[in-house]
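Structure, as structure tokens:
2 protein chains.
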Amino acid sequence: MPAIANKILLIVLDGGSDRPVNGTTPLASADKPGLDALANGGINGIMDTVDIGVRPGSDVSHLALLGYDPYKYYTGRGPFEAAGVGIDVKKGDVAFRCDFATVEDGTVKDRRAGRIQDTDALAAAISEKVKVPGVDIIFKRSTGHRAALVLRGKGLSPDITDTDPHRDGLRLKECRATADTPEAKHTAGVVNSISEQAMGVLGDHPLNVDRKKQRLLPANAILLRGAGGVPEMPDFYGKYDMKGAVIASAGLIIGVGKLCGMECLTVGEMGAGLSGATERAKVEKAIAALGTHDFVLVNIKGADEAGHDGDFAKKKKFFEEMDPAFQSLLHLQRVLVIVTADHSTPVLVKRHTADPVPIVIHGPGVRIDDVSRFNELIAYQGGLHRLKGLDVMPIALDLLDKEEKYGA
Amino acid sequence: MPAIANKILLIVLDGGSDRPVNGTTPLASADKPGLDALANGGINGIMDTVDIGVRPGSDVSHLALLGYDPYKYYTGRGPFEAAGVGIDVKKGDVAFRCDFATVEDGTVKDRRAGRIQDTDALAAAISEKVKVPGVDIIFKRSTGHRAALVLRGKGLSPDITDTDPHRDGLRLKECRATADTPEAKHTAGVVNSISEQAMGVLGDHPLNVDRKKQRLLPANAILLRGAGGVPEMPDFYGKYDMKGAVIASAGLIIGVGKLCGMECLTVGEMGAGLSGATERAKVEKAIAALGTHDFVLVNIKGADEAGHDGDFAKKKKFFEEMDPAFQSLLHLQRVLVIVTADHSTPVLVKRHTADPVPIVIHGPGVRIDDVSRFNELIAYQGGLHRLKGLDVMPIALDLLDKEEKYGA
Numbered sequence: 001m002p003a004i005a006n007k008i009l010l011i012v013l014d015g016g017s018d019r020p021v022n023g024t025t026p027l028a029s030a031d032k033p034g035l036d037a038l039a040n041g042g043i044n045g046i047m048d049t050v051d052i053g054v055r056p057g058s059d060v061s062h063l064a065l066l067g068y069d070p071y072k073y074y075t076g077r078g079p080f081e082a083a084g085v086g087i088d089v090k091k092g093d094v095a096f097r098c099d100f101a102t103v104e105d106g107t108v109k110d111r112r113a114g115r116i117q118d119t120d121a122l123a124a125a126i127s128e129k130v131k132v133p134g135v136d137i138i139f140k141r142s143t144g145h146r147a148a149l150v151l152r153g154k155g156l157s158p159d160i161t162d163t164d165p166h167r168d169g170l171r172l173k174e175c176r177a178t179a180d181t182p183e184a185k186h187t188a189g190v191v192n193s194i195s196e197q198a199m200g201v202l203g204d205h206p207l208n209v210d211r212k213k214q215r216l217l218p219a220n221a222i223l224l225r226g227a228g229g230v231p232e233m234p235d236f237y238g239k240y241d242m243k244g245a246v247i248a249s250a251g252l253i254i255g256v257g258k259l260c261g262m263e264c265l266t267v268g269e270m271g272a273g274l275s276g277a278t279e280r281a282k283v284e285k286a287i288a289a290l291g292t293h294d295f296v297l298v299n300i301k302g303a304d305e306a307g308h309d310g311d312f313a314k315k316k317k318f319f320e321e322m323d324p325a326f327q328s329l330l331h332l333q334r335v336l337v338i339v340t341a342d343h344s345t346p347v348l349v350k351r352h353t354a355d356p357v358p359i360v361i362h363g364p365g366v367r368i369d370d371v372s373r374f375n376e377l378i379a380y381q382g383g384l385h386r387l388k389g390l391d392v393m394p395i396a397l398d399l400l401d402k403e404e405k406y407g408a
Numbered sequence: 001m002p003a004i005a006n007k008i009l010l011i012v013l014d015g016g017s018d019r020p021v022n023g024t025t026p027l028a029s030a031d032k033p034g035l036d037a038l039a040n041g042g043i044n045g046i047m048d049t050v051d052i053g054v055r056p057g058s059d060v061s062h063l064a065l066l067g068y069d070p071y072k073y074y075t076g077r078g079p080f081e082a083a084g085v086g087i088d089v090k091k092g093d094v095a096f097r098c099d100f101a102t103v104e105d106g107t108v109k110d111r112r113a114g115r116i117q118d119t120d121a122l123a124a125a126i127s128e129k130v131k132v133p134g135v136d137i138i139f140k141r142s143t144g145h146r147a148a149l150v151l152r153g154k155g156l157s158p159d160i161t162d163t164d165p166h167r168d169g170l171r172l173k174e175c176r177a178t179a180d181t182p183e184a185k186h187t188a189g190v191v192n193s194i195s196e197q198a199m200g201v202l203g204d205h206p207l208n209v210d211r212k213k214q215r216l217l218p219a220n221a222i223l224l225r226g227a228g229g230v231p232e233m234p235d236f237y238g239k240y241d242m243k244g245a246v247i248a249s250a251g252l253i254i255g256v257g258k259l260c261g262m263e264c265l266t267v268g269e270m271g272a273g274l275s276g277a278t279e280r281a282k283v284e285k286a287i288a289a290l291g292t293h294d295f296v297l298v299n300i301k302g303a304d305e306a307g308h309d310g311d312f313a314k315k316k317k318f319f320e321e322m323d324p325a326f327q328s329l330l331h332l333q334r335v336l337v338i339v340t341a342d343h344s345t346p347v348l349v350k351r352h353t354a355d356p357v358p359i360v361i362h363g364p365g366v367r368i369d370d371v372s373r374f375n376e377l378i379a380y381q382g383g384l385h386r387l388k389g390l391d392v393m394p395i396a397l398d399l400l401d402k403e404e405k406y407g408a
């Protein structure tokens, strides 16, 4: 093995970490010789991606793992969602996560509009017809019912509330200013105007008329949430002198990568599913990308979904299906392979928790410890002890001999 | 076992942690199957209740364990002592810990006035006769020689020195301002006047005349120390959405709980002694209190006293006497049981030290580690690694599924 690595592959098992159920976890009970071999040949530990006892969203976790302090750069999910769907957001923009929804008499009947898939025509109609003087409105659909909205112009503020009531059966909300400033009040007014105009544009749109005929729920409104001012983030290349790439299916994670200045590399059917096969393809793509990039972040979906579903067997099976991808990493040369999770999504809780995640670092120079399997019940015994997410990049850069010395 | 706990029982073995003597400690050598079973079935670690290398008082430790940063809320022991004896302190008050003492010709002969017990009549005399224009003087006795004083009024400041010389045989001190402000100088004057008036009131008090006849030391003065402005502390219920209770015999700890807005639940003979039996009764009371409260803090005295006495055997025996109480916790349902200490009081040092304390968290959802006994020599091998006191509440709330998510 070469003495020093010159590339980093960071694989994040989204929501992969868990709490024990009858003494074991999906990771601990899965038959996964590849991932266990990485743990066996690497240095292990547990990690609080943001801080002890903090339940992180995937966006803030990934920021921390990439070395960007979320308390400094995280302004809300909007900017990351918008960047993730391909909007070229700029500092000063106010961005939102949007969802096409079904609203009846002012009440949100379905926050996903019957899980509508093709929203091209609806998005085009909003882009064409919804106007507010003095404000550029950039609206773009994402996968399924998802979309993003960006407001660009003078005097805008992110200090406003969501229009999304966050639960079916509640009234569509009016956007209100949360700061006593003219900018916040102005922006709330802009948002309310957009919300209202969108209902006018979508209500009698042919696609929705058609959906009603088919007894499908119409996508007759948009819900806005996660307003955030676009942060000014140091460029990944400038920060680390490494050309970075992100491989992910979630727009939110792609957006994190993009706002950090990383290139987004898509995989053929990547967004389509969360099976072991599609997720293995991401790792294959990442290995290939190491030929042209110095740092590749791969976000692996599947485990998180199973955690939210409370499905232990599905989560376990996913790791088993994924495992061949990890076996292919064992013999990479000059690559530091880091495998971890962004947060726990325990099947008994069905949402993100703050339980620390396991982490392994495998590759040239690491002090191999006695931990021989990769799971959250044993990782605490490893040589890394208990890290924070912001520790990962400094450790990795040091192993690559890219850290500057402090002192003489 | 249910998936998620909904109550928290925090048991603090005051001063329970130690340094090794001939390779072992009171905790490590005690026969305590109950506490060891909690460790065996829980997740363990070591903890710096305030920070690494900081020797904490019980008050600041308990604040940290309850999630209140002592560097923000601890203004001196006075306010906590005063709240602990039942004075309804208010923001702006300046509060003191007091002791009835024996002073002869200006020299403090005994800082505990011969360990006087019944001070009711003396306290009443002070309350009735000691007056300072423009200042409300609230004086209340506590157990034994202890008492508390609160000054209420305009223009008061806690920036003053103690009158207590902190050692027998030294002169009773004059209170001085430590800040160059009119408020501090005014308050120092108030304190000196109270100190002098108290000597007048107590000197020829019938109770002291009587004591002298019995060749007991008269309680002819009060010593003041720990001046602190009453802090404005967020209410425990508002902060955590949990109804909290404190069970303790030390006024200082009761005061910490009260200033946090917790209910103080006393146990019959709780204040009377520090035997295994009285301390076990606290735990029994706590288990009952979990029926009406979401969070119960129990402060267990006994070990600290033995540590201050330098008595290894007594400290060890205390844990053995206490142990049945821990056995009764093993089968609680939906209760997260946390056992720790607030600081070390090593028998070879006889005072508080900064050595980290052991901690175990037992209950639904915890990742059980390989540690099978509860003591400060082995706890470092546990899955929690090394915590700080302020980490405890976030970890516990996360296990109870009560933490908010940060990010998306």
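Chain order of the listed sequences is D and G.
Numbered according to the UniProt record's numbering, the first sequence spans residues 1 to 408.
Numbered according to the UniProt record's numbering, the second sequence spans residues 1 to 408.
We put the CB at the ideal spot given by N, CA and C, even for glycine.
Could you give the first and the last residue of the continuous alpha helix (DSSP H) run that contains residue i?
i, result
"N208/G", "P206 to K213"
"R280/D", "G276 to A289"
"I253/D", "G251 to L259"
"K72/D", "P70 to Y73"
"G91/G", "Sequence check: residue 91/G is Lys here, not Gly. K91/G -> no alpha helix (DSSP H), and no H or E assigned at all."
"P79/D", "R77 to G84"
"G238/D", "F236 to Y240"
According to DSSP, residue i sits in a beta bridge with which residue or residues?
i, result
"residue 410/D", "The question about residue 410/D has no answer, for chain D in this structure spans 1 to 408."
"V360/G", "N44/G and V339/G"
"C264/G", "V246/G"
"T24/D", "V21/D"
"R225/D", "R97/D"
"P56/D", "Y406/G"
"T345/D", "None, per the DSSP bridge assignment."
"residue 409/G", "Because chain G is modelled from 1 through 408, residue 409/G falls outside the range shown and cannot be assessed."
"K140/D", "A148/D"
"E104/G", "T107/G"
"G16/G", "S344/G"
Where does residue i land, buried or exposed, given buried means 16+ other C-beta within 10 angstroms?
i, result
"G16/G", "buried"
"A272/D", "With a pLDDT of only 47 at A272/D, under the threshold of 50, the placement of this residue in the model should not be trusted; the figure read from the coordinates follows. It is exposed - the Cβ of A272/D has fewer than 16 other Cβ atoms within 10 Å."
"A408/D", "exposed"
"L122/D", "buried"
"P394/G", "buried"
"T107/G", "exposed"
"Q381/D", "buried"
"G155/D", "exposed"
"I253/G", "buried"
"V209/D", "exposed"
"S372/G", "exposed"
"A286/D", "buried"
"E269/G", "The predicted model places E269/G with a pLDDT of 49, which falls under 50 and marks its position as unreliable, so this point remains unresolved."
"G384/G", "It is worth fixing the name first, because residue 384/G is Leu in this sequence and not Gly. Flag for L384/G reads buried."
"Y68/D", "buried"
"N40/G", "buried"
"L170/D", "exposed"
Please report whether the beta-carbon of residue i lies at a distance below 8 Å from any beta-carbon of chain C.
i, result
"T161/D", "Considering every chain present, this structure includes no chain C. Its protein chains are D and G."
Taking 7 Å as the cut-off, is the CB of residue i close to at least one heavy atom of the ligand NAP?
i, result
"K72/G", "The ligand NAP is not among the ligands present in this structure, which contains no ligands whatsoever."
State the start and end residues of the unbroken beta strand (DSSP E) segment that holds residue i.
i, result
"residue 448/D", "No answer is possible for residue 448/D: it lies beyond the span of chain D, which begins at 1 and ends at 408."
"L10/D", "K7 to L13"
"L149/G", "R146 to R152"
Inside the stretch 159-186 of chain G only - beta strand (DSSP E) runs reaching at least 3 residues: none
Proximal residues, the stretch 46-64 of chain G versus chain D, C-beta separation under 8 Å: none
Residues, ordered as in the chain, of the stretch 348-370 of chain D that lie near chain G by beta-carbon distance below 8 Å: L348, V349, R351, H352, T353, A354 and D355
Positions along the stretch 373-395 of chain D whose CB lies within less than 7 Å of some CB in chain G: E376, L377, Y380, H385 and R386
Completely contained alpha helix (DSSP H) runs for the stretch 289-339 of chain G, where each covers 4 or more residues: Entirely contained in the stretch 289-339 of chain G, the alpha helix (DSSP H) runs reaching 4 residues are, in chain order, 303-309 and 312-327.
Chain-ordered residues of the stretch 16-39 of chain G with a beta carbon less than 7 Å from chain D: none
Residues of the stretch 241-262 of chain G with Cβ closer than 8 Å to any Cβ of chain D, in chain order: none
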